[in-house]
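Okay, structure first, notes after.
Residue numbers (UniProt numbering): 1 to 277.
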């Protein structure tokens, strides 16, 4: 008969989870979440390849699989807590924690998973923002001439809005990088540091996907909803900066404000050029 689940001592570096076949369906990295297990790398890796979700300390591995449903979760040597408790969680729970802007969930997603959707997510968010601006531009036009309708049908305005949204997003990100480089140059020493921060900022902008439901189910409070979405995205960006660079809240928000200043400067430039944004 198999032994009951036991928790190994902190000195061993692992928290033992012995899982019979009947209970193997309930844990995050087990059979109930094969996709999540593929995304979470649990094998031995180079030192510091992973991060503890509690203290952000480096770790060599997240768990060790002994087959037959027996997993040993690694214990952080710094805080004596599980390196990544989220490997046992369902993806829906992880998403909820990310929406709540919990630093532990952000560390799990950014450091301990192999998620490479930030590029596609960025393009999709820009499409959502371009679609919103295109609708607002169309609604603001009072011209009902058939030729005007044909002009909208050519989709040129939508592509123009997409280009403008891309330039504004780029200026926002550049402003953040400039501010962080000025405040903490030691934080961004290598190319990998820039790439990791860029990935974190792009992933944390997922709140822009809410623009489409806000437009589809339009009501009197739609403008207020758009403001809340903007605030939520900025809050997520700030949390991503804090988690990635281990900064305090004030510095991360200063970087966000500088990014907004540069973005608004680009918007003012577009207005001076006579472009509707």
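Every residue, glycine too, gets a C-beta built ideally from N, C-alpha and C.
Query, Result
"Span separating the alpha-carbon of residue 51 from that of residue 135", "43 Å"
"Expected contact under 8 Å - CB spacing of residue 207 and residue 229 to nearest Å", "6 Å"
"Run of the beta strand (DSSP E) containing residue 74, from where it starts to where it stops", "70-74"
"First through last residue of the beta strand (DSSP E) which encompasses residue 107", "Residue 107 -> not in any beta strand (DSSP E); alpha helix (DSSP H) instead, spanning 103-111."
"Neighbour-count burial assignment, residue 84, 16 or more Cβ in a 10 Å radius", "buried"
"Chain C within 9 Å of residue 231, Cβ atoms only", "Protein chains in the displayed structure number just one, and chain C is not present."
"Inter-residue spacing [alpha-carbon to alpha-carbon] between residue 199 and residue 105", "15 Å"
"Residues of its chain near residue 101, where Cβ-Cβ distance is below 7 Å and the 5 sequence neighbours each way are ignored", "235, 236 and 239"
"From 245, 218 and 161, residue whose alpha carbon lies closest to that of residue 192", "245"
"Residue from 62, 129, 96 and 157 with nearest C-alpha to residue 209", "129"
"At least three beta-carbon pairs within less than 8 Å, the stretch 176-193 to the stretch 211-230", "no"
"Buried versus exposed call for residue 112 [16 or more other C-beta atoms within 10 Å across all chains shown]", "buried"
"For residue 189 and residue 103, the rounded distance between their alpha carbons", "23 Å"
"Distance, residue 265 Cα to residue 172 Cα", "10 Å"
"Residue span of the beta strand (DSSP E) that contains residue 66, given as start and end", "First-last for residue 66: undefined, no H or E at that position."
"Between the CA atoms of residue 170 and residue 120 - distance to the nearest angstrom", "15 Å"
"Sub-9 Å separation of residue 58 and residue 49 beta-carbons", "yes"
"Nearest residue (CA-CA) to residue 167, options 99, 68, 65 and 268", "268"
"Where residue 259 falls: helix, strand or coil (DSSP)", "helix"
"Reference residue 61, options 87, 67 and 70, closest by Cα", "87"
"Collapsed DSSP secondary structure at residue 51 in the structure displayed", "strand"
"Cβ distance (whole Å) where residue 132 is taken to contact residue 243 below 8 Å", "Going by Cβ atoms, the distance from residue 132 to residue 243 rounds to 28 Å, so no, they are not a contact pair."
"Assigned secondary structure, residue 119 (DSSP; H/G/I helix, E/B strand, else coil)", "helix"
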